[in-house]
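Keeping their order, the protein sequence lines are chains A and B. Sequential numbering of the first sequence, starting at 1, is according to the UniProt record's numbering. Sequential numbering of the second sequence, starting at 1, is according to the UniProt record's numbering. Where a beta carbon is used, it is the ideal one built from N, C-alpha and C, also for glycine. Here the structure is a predicted model, which means the values were calculated and not measured. Data first, discussion second: the structure below is written as structure tokens.
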Amino acid sequence: MSLLDMIGPVMIGPSSSHTAGACRIGLAARQLLGHTPEKAQIGLHASFAKTGKGHGTHLALIAGILGFEPHDPRLPQAFQEAEKAGLHFEFQDVDLGNVHPNTAQITLQGGQASIEVMASSTGGGIIEVIEVDGFRVSFDGFSPTLLLKYQDAYGMISRVTGLIAIDEVNIASLTCTREKRGGTAMMCIVLDSALSDYAIRKIAHIPEISWIRMLPGFRRL
Amino acid sequence: MTLDDILKAPSPASEWVLCTDCEENGLQPEDVKQVMRDRIREMRDSIERGLRTDAKSITGMVGWNAKGLWDAPDLLNAPLLKRVQAYAMAVNEENARMGRIVAAPTAGSAGTIPGALIGVADHLGLDDEKLVMPLVLAAGIGKAISRQMYISGSAGGCQAEIGSSAAMAAAAVTELLGGTSKACVHAAALALMNTIGLVCDPVGGYVEVPCVSRNAFFAVHAVSSAQLALAQLESFIPPDEVITAMAQVGRMMPLQLKETAEGGLAQTPFAQGFLKDLEKSPK
């Protein structure tokens, strides 16, 4: 949380949690996929489902998935922009259980890849990504964030963080979750600054790692 | 960052807020000030656009209020009041038209800070550079509130949203007018005390009614709080405890009164009838 979150973002209205936050949720999902998807399935929970329409939540989520930021003047025309970009989308109301009332579950597909993301908009345009491909995570998307999917094995945290240390980047937080011992696991590392391409390549070469994403961090306009 | 920390900081409070936050987030004070300068310009742009047009919002519930007030004669001979209200509504009507605004701290409460701060500055003929540090302080107050309380109406009721913006604006105006750290924090606490229990009941869930006029009222509320605090009046309850009380009320509030459009003004027969007609009308 910085002072710039309290006065800001500069955004297209009408609601920071339902519009700017929703846009950033879409943007985070897109960054996790890595490119523009061809298909998006979006589940809206509680308040997002109930009052989303009047707030442009649907438009904002699609805008984010297209890579627009919350202040982008194309946000109100996001559906037309999606058609131009060849993005098919559908919305449905879902019950995601005991999560924040402004939570969306997004499945993106395209280019032989897919990703499933659950994130909450917690107010003032701030979000929290809480699940990626079924693994619990926690990051707000503002700081550069490294996500890894890998085969659980001893020394994994040490190998990854060793390479981050050599790159002279500081770790703000690190969480690991795994489906079972020795099973698939996810590491979510929030960093003080982005890693160099060299470091990302070195980490990607660790044999147990099957998927890697370096999210750049949202711009604070 | 608590209100008590800010209260005990040497005056002007904004200097301490800026240094502390930059240390915490690894930012340069000059960079933060530059962003704040840009945001003041964005706020001003949204005020100007909002005062010029009477174009309707998404639903047609608002859109002409700011211009209507701005163009109307000042029968009370209270130019500050009229300016502060018109500025605040101009921003929120832009917001309701899906226009570009600065969330402060949220979009639903975006008019309160520019209404109060830029309104007072224009009334007194002060230039925008004088608003930079007061805006930093406003952000610090918001940060202190959000440590213990939500800043969104859906989580804490309108008290959390417009209450926070009014408290932030009250402190900013107090510093703009030369108030001490103590006066700034008491201005914020006085503004907060008088928003406790305020429900979030937007008609149809749209950020239009009562949000637009509520920003006008609470921009004035913020200026009043600054006025009291500058005259050495204090919040009887310690400022941080006011936030605690507000958070407690927010938790006790039923969901129907927290932005679900299931209570309050949103459930009046007139509002329900309006929404029914809106559904029928072609887009």
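| Asked | Found |
| --- | --- |
| So, is the C-beta of R39(B) closer than 8 Å to a C-beta in chain A? | yes |
| From P239(B), V203(B) and A88(B), pick the residue whose C-alpha is nearest to that of Q267(B); which is it? | V203(B) |
| What's the C-alpha gap between M187(A) and I212(A)? | 10 Å |
| Cα-Cα, which of S165(B), S109(B), K258(B) and K82(B) is closest to A96(B)? | S109(B) |
| Under 8 Å between the Cβ atoms of L257(B) and C200(B)? | yes |
| Could you give the residue range of the alpha helix (DSSP H) that holds T260(B)? | T260(B) -> no alpha helix (DSSP H), and no H or E assigned at all. |
| So, are the CB atoms of G115(B) and N215(B) less than 8 Å apart? | yes |
| If the criterion is Cβ atoms closer than 8 Å, does the pair W70(B) and A86(B) meet it? | yes |
| For the 8 Å Cβ check, are there 3 or more pairs between the segment 127-134 of chain B and the segment 4-23 of chain B? | yes |
| Give me the Cα-Cα distance between E38(A) and C158(B), rounded to the nearest whole angstrom. | 39 Å |
| Under 9 Å between beta-carbons, which chain E residues line up against T51(A)? List them in chain order, please. | Looking at the structure shown, chain E is missing, and the protein chains on hand are A and B. |
| Whose C-beta lies closer than 8 Å to the C-beta of A247(B) among residues of the same chain, with five residues either side of it excluded? | Q148, M149, Y150 and G156 |
| Consult DSSP for G43(A) and reduce its assignment to one of helix, strand or coil. | strand |
| My understanding is that A226(B) touches V173(B), with C-beta atoms under 8 Å, so please give their C-beta distance in whole angstroms. | 4 Å |
| If you compare alpha carbons, which of A88(B), T20(B), L176(B) and I162(B) is closest to G125(B)? | L176(B) |
| Do A167(B) and L198(B) come within 8 Å of each other at the CB atom, strictly closer than that value? | no |
| Within 8 Å (strictly less), CB to CB, does V220(B) reach chain A? | no |
| What in chain A is Cβ-close to E48(B), meaning under 7 Å? | What E48(B) touches in chain A: nothing, since even the nearest Cβ is about 15 Å away. |
| Does the Cβ of D21(B) have 16 or more other Cβ atoms within 10 Å, making it buried, or fewer, making it exposed? | buried |
| Can you pull the chain B residues whose beta carbon is under 7 Å from the beta carbon of G26(A), in chain order? | Per Cβ cutoff of 7 Å: no residues; G26(A) is ~16 Å from chain B at best. |
| Taking Cβ-Cβ distances shorter than 9 Å, what residues in chain B pair up with N102(A)? | S152, S154 and A155 |
| Closest by CA to Q105(A), which one among F89(A), A82(A) and T175(A)? | F89(A) |
| Quick check on M252(B): buried or exposed, where buried means 16 or more other Cβ atoms within 10 Å of its Cβ? | exposed |
| Can you check whether the C-beta of T268(B) is within less than 8 Å of a C-beta belonging to chain A? | no |
| Going along the chain, which residues of the segment 60-79 of chain A sit with their C-beta nearer than 9 Å to a C-beta in chain B? | P70, H71, P73, L75 and P76 |
| Around the C-beta of H45(A), are 16 or more other C-beta atoms found within 10 angstroms, so that it is buried, or is it exposed? | buried |
| Determine, using beta carbons only, whether G99(B) comes closer than 8 Å to chain A. | yes |
| Counting pairs of beta carbons, one from the segment 18-27 of chain A and one from the segment 114-131 of chain A, are three or more of them closer than 8 Å? | yes |
| So who's on the other strand from A119(A), going by DSSP bridges? | A104(A) and V129(A) |
| Which chain B residues sit within Cβ distance under 8 Å of A20(A)? | A103 and A107 |
| Would you identify the three-state DSSP class for T53(B), choosing helix, strand or coil? | coil |
| I'd like to know whether the C-beta of D192(A) is nearer than 8 Å to at least one C-beta of chain B. | yes |
| Answer with yes or no whether the minimum CB distance from residue 235(A) to chain B is below 8 Å. | No information on residue 235(A) is available, as it lies outside the stretch 1 to 221 that chain A covers here. |
| Hey, D192(A) and A172(A) are a contact pair by Cβ (cut 8 Å); roughly how many whole angstroms apart? | 6 Å |
| What residues from chain A crowd round D5(B), counting only those whose CB sits closer than 7 Å? | None at all; the shortest Cβ gap to chain A is about 14 Å. |
| Which residues in the same chain have their Cβ closer than 7 Å to the Cβ of I145(B), if we skip the five residues on either side of it in sequence? | I151, S164, A167 and I243 |
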